[in-house]
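J.:
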Amino acid sequence: REEREAGNIARSGVGISLRCLATGRTLAGPPANPRCRLKSPTMGEEGGGRSCGTTRELQKLKQQAMEYYRENDVPRRLEELLNSTFYLQPADVYGHLANCFSKLAKPPTICKVVGKNVLDGLGLPTLQVEIFCTIQNFPKNICSVVISTHFDVHENALPELAEAEELERSDAVSTAVRWVNETITEELQGLAPSNQAEVDQVLRTFFESKVQEDKERKELEKSLEDSTAPTPSPLTPPLPPPPPAKKKGQKQGRKDTLTEKPIIPPEPVEPILCGSMAIGAVSLAVAKTSAVLGSNPLYLNIALLKHHQEQPAKLTIPLLMVSLVSCGKSSPGKLNLMKEVIGIPHPGLTAKQGVDMLLEIQKHINQAIEMSPPPKPETRKSQNGGKRGQQQITGKMSHLGCLTINYDTIEQPLLLIQGICANLGIEMGTNLHLAINCAAHELMDYSKGKYEVMMGTYKNAAEMVDLYVELINKFPSIIALIDPFRKEDSEQWDSTYNALGSKCYIIAGTASKSISKLLEDGNVGILRCSGLIVKHTNQTTMSDLVEMTNLIDSKKHIAVFGSAEGESSDDSLVDLAVGLGVRFIKLGGLSRGERVTKYNRLFTIEEELVQNGTLGFNEEHTFFYLNEEAEKAAMAGELPEPPEPIFATEVVEESAKT
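For the sequence shown, full-length UniProt numbering assigns the number 1 to the initial residue and increments by one for each residue that follows.
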C-alpha cells in the first residue's frame, strides 16, 4: 500500500529538485495563486475549484517532502556525495553510491530472536538461537549459535536414570525454546546488538523474574502439600545403633585404634533453573551478531569487551589440553582414577605443531592397543568369583574424543605414553607435559566413605593425598590435577595444594561452584587451588564470562576454558577462549567431528593473528605457590610482591636428580 501511494505521489508531480532542497526556495511549477483565481473555460467554477484544491494539496505534499528531507540532512549529504563521486569517477557509479548510502543507514537493530530444538554431537537435544536484524528497513538473518547443555554423559547409567535424565534434558531445551520465541524476542526488539552490556542486563532481569516465579510456584506447591498432609503421629525414639562389626582378624576384646573420620555428606546439588540455557545462548548469539555486522571475528569483539573497548596489541592462543586416553569410572578395566589423561604441548609450539605431535602420539596409542598381547592364562580365582587373570587390552572411542582403555593400574596409561614419547624422541617434561582429570566426585562410594580408585581398591581422603604426592613424584611430567577431590573435602584440597602447589596446578572443575555463584560471592578461593575450569552454560552471559575471568586473574589463579561433555559443532567457544585470554583450553580428544571442528577454528585464529602481526607468545609453565597468609592477602586483593615462580622444567630436572 505504501509503495502504491508513493507511486501515485510521484506520478502526481511531487518532484523535488536538488536545487530546491539545497536553497529552500519555492518548489518548481507555476504559482499556485494565479491558477486558483483563473476559471477554466471548459470546467466552469466547480472545475476550477477542484483544480485549485488539487494544486494546494500537491503544494502541501511538496512542502512536507522538502521538510522531511531537510530534517534528515538529505540535501547536504547528497550534494557532498555527488561532488565526491564526480571527482572519484568510479567505474561503477551506482555501486559506489550504494556503498556510500549503506554507510549512512541507521545501525542495525534486533527485530527477532528465534529458538530451535536441534541435536548435538551425540544426537541429544540442545538449543539453537538465530538472530534477525533490521538492516536498511528489511529483516535479515545474521547468524545462529548452538549452546551445549549442562548435562553430563553417563555411558553406563541405569535405564531408569537415563530415562529420567532424557526427560529432564528434553524439558530444559523445550522450555528454553519457549522463552526465546515468546518473551526474549520481544524484550530485545529494537536493541542494538553492539550494546552487549544492555542486552545482557535485559537477559539478566528476565532470568531473575523467572527465578522469582519458580520460587513462588514451589512455595505454593509446598503450602498446598502441607495443608493436605495428615497430622504425623508422635515419633518413637530411635533404636540405639548396633555395635560396630568386628573386623576380620581382630581379636576378642581388642579395640581398633585407627578411627577414621566420617566423610562429609555431599552438598545439595546447586539448582539449575529449567530453560536457563536460553540466557547464555542468546547472549552469545548477540555477541556473534555484533561481530558479523562489524565484519570482525568474534574473538576480537570479546577481547574488546574484556579490555573496555580498547583493542589489545597482542592476543595469545590458549595452551592446549588434549585428551589422550580415558580410564575413568565408565571404562571396562579396573582403573577408575583417570577419567582423562591429558597432553599439554610445550608453550613454545604453535597450536598446529602441538596438535601434529599429539596426533602422532594418538596414532601410536591406537597401534599399541591393536597389537596388545593376548591375556595371560588364569592363575588364580578370587574368592568372590570376580575378575580373574588379565583382560585383553582394548580401546573404544569415547564421547570425549579419545580412546577408553581398560587398564588395571594407575601406572599403565602413563607408562604407555612415556614409552611412545621415548620412541618418537619427544622429551616428557619439556616437549610434552601431562594433566590428569581425576573426576573424584564420580569415585566416591558413600556406603564405604571412600574413593574407589580401582575396582575393589578404596582410599579415604587422607590416603588420596598420599597417592597424589607419590604419583607426581614418580611422574614429574604431570603438571595439573583436575578435581582430585570432591568439593566437600576442603581439608584435603588444602593438604594437596600445600604438598604439590609448587610442582603442579591443582584445578577445580566440577568441584567448583557455578559462575553465577562465584560472581555473587566475589571469591574463587572457596577451595585452595591454582585455577578453575570455566564453561559457557546455562545463564552465563558474555558479561559474566568477562567478569569471571577478571576475577580469576585478580586472585592470581589460572583459567581453563572447557567444553561440555555433550558438544555441538558450534566452534564459538574457541573465540571466547582467545578473546578472554585464558591460559588453557580443554576441548577433549582429537576425534569426533564436534571436537575436531574446534581445533580447526583454533588453527584459523592462529593464522589470522600471525598475518595481522598480533599473535602473542605464551610463557613457560610456572607455579606460584602461595602460603595461607599470602592466599588470604590475594583474596583480599592485597597481594604483595609476587613469589618467585617455579618453572615446570625445573621440577622435572630436580626429580631426575633425586
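We treat Cβ as the ideally placed atom computed from N, Cα and C, and that holds for glycine. None of the values given here were measured: they were computed from a predicted structure.
Are the Cβ atoms of T614 and L320 separated by less than 8 angstroms?
T.: no
J.: Might you give, ordered along the chain, the residues of its own chain that have their beta carbon closer than 7 angstroms to the beta carbon of C274, omitting 5 neighbours on each side?
T.: D171, A172, T175
J.: Assuming L532 contacts K487 under a Cβ cut-off of 8 angstroms, what Cβ separation, rounded to an integer in Å, is found between them?
T.: Not a contact, Cβ separation roughly 12 angstroms.
J.: Let's see if you can read the secondary structure: which residues bound the alpha helix (DSSP H) around T289?
T.: 277-293
J.: If distances are taken between C-alpha atoms only, which option among L104, L97, L58, K62 comes closest to N72?
T.: L104
J.: How about the region 599-611 and the region 344-353: do they share at least three Cβ pairs that are nearer than 8 angstroms?
T.: Yes, they touch.
J.: Helix, strand or coil: which one does DSSP assign to E452?
T.: strand
J.: On a CA-only basis, which of G593, G588, V574 is nearest E606? Give me that one, please.
T.: Comparing Cα positions, the closest option is V574.
J.: Report the rounded CA-to-CA distance for R595 versus T126, giving the unit in angstroms.
T.: 16 angstroms
J.: Between which two residues does the beta strand (DSSP E) harbouring P413 extend?
T.: Not the beta strand (DSSP E): P413 falls in the alpha helix (DSSP H), residues 411-424.
J.: So, L500 versus Y451, is the Cβ gap smaller than 8 angstroms?
T.: no
J.: How would you write the range of the alpha helix (DSSP H) that I605 sits in, first residue to last?
T.: Looking at the DSSP string, the run of the alpha helix (DSSP H) that includes I605 is 593-612.
J.: Just the Cα atoms here: how many angstroms apart are E547 and I515?
T.: 10 angstroms
J.: Does K555 pass the burial test, meaning 16 or more other C-beta atoms within 10 Å, or should it be called exposed?
T.: It counts as buried.
J.: So T109 and L191 are in contact, right, with Cβ under 8 angstroms, and what is the actual spacing, rounded?
T.: 6 angstroms
J.: First and last residue of the beta strand (DSSP E) that includes H433?
T.: 432-437
J.: Where does T185 land, buried or exposed, given buried means 16+ other C-beta within 10 angstroms?
T.: By the neighbour-count criterion, in which a residue is buried when 16 or more other Cβ atoms sit within 10 angstroms of its Cβ, T185 is buried.
J.: With burial defined as no fewer than 16 other Cβ atoms inside 10 Å of the residue's Cβ, what is the status of Q128: buried or exposed?
T.: buried
J.: Whose C-alpha, out of E360, L203, N195, is nearest the C-alpha of E187?
T.: L203
J.: Within 10 Å of its beta-carbon, does P41 have 16 or more other beta-carbons around it, so buried, or fewer, so exposed?
T.: Residue placement at P41 is flagged as unreliable, the pLDDT there being 44, under the threshold of 50; the coordinate-derived value follows with that caveat. So P41 ends up on the exposed side.
J.: Residues in the same chain with beta-carbon distance under 7 angstroms from Q189, minus the five sequence neighbours each way, listed in chain order, please.
T.: Closer than 7 angstroms at the Cβ level, and outside the excluded window around Q189, lie I110, C111.
J.: Compare the beta carbon distance of I361 and L335 with 8 angstroms and say whether it is the shorter of the two.
T.: no
J.: Quick one: what does DSSP say S323 is sitting in, helix, strand or coil?
T.: strand
J.: Could you tell me whether the region 584-591 touches the region 552-568, using the rule of 3 or more Cβ pairs below 8 angstroms?
T.: yes
J.: Hey, would you say A440 sits closer than 8 angstroms to D494, going by beta carbons?
T.: No, the Cβ-Cβ distance between A440 and D494 is not below 8 angstroms.
J.: Buried or exposed for G429, please, with buried defined as at least 16 other CB atoms from any protein chain shown within 10 angstroms of its CB.
T.: buried
J.: Beta carbon of P318, beta carbon of V524: below 8 angstroms?
T.: no
J.: Please report the straight-line C-alpha distance between P90 and H96, rounded to a whole angstrom.
T.: 7 angstroms
J.: Roughly how many whole angstroms lie between the Cα atoms of C52 and L58?
T.: 10 angstroms
J.: Are there 16 or more other CB atoms within 10 angstroms of the CB of G280, so buried, or fewer, so exposed?
T.: buried
J.: Check the C-beta distance from C143 over to A285 and give it rounded, since I have them as a contact under 8 angstroms.
T.: 7 angstroms
J.: Does DSSP classify G371 as helix, strand or coil?
T.: According to the sequence as given, residue 371 is Met; it is not Gly. Three-state result, M371: coil.
J.: Flag this pair as yes or no: are the beta carbons of D200 and S276 separated by less than 8 angstroms?
T.: no
J.: Could you say which of H621, S563, L580, K222 lies nearest to I147 if we only look at CA atoms?
T.: S563
J.: What is the DSSP secondary structure of T622, reduced to helix, strand or coil?
T.: strand
J.: Please confirm whether P345 and L432 have their CB atoms less than 8 angstroms apart.
T.: yes
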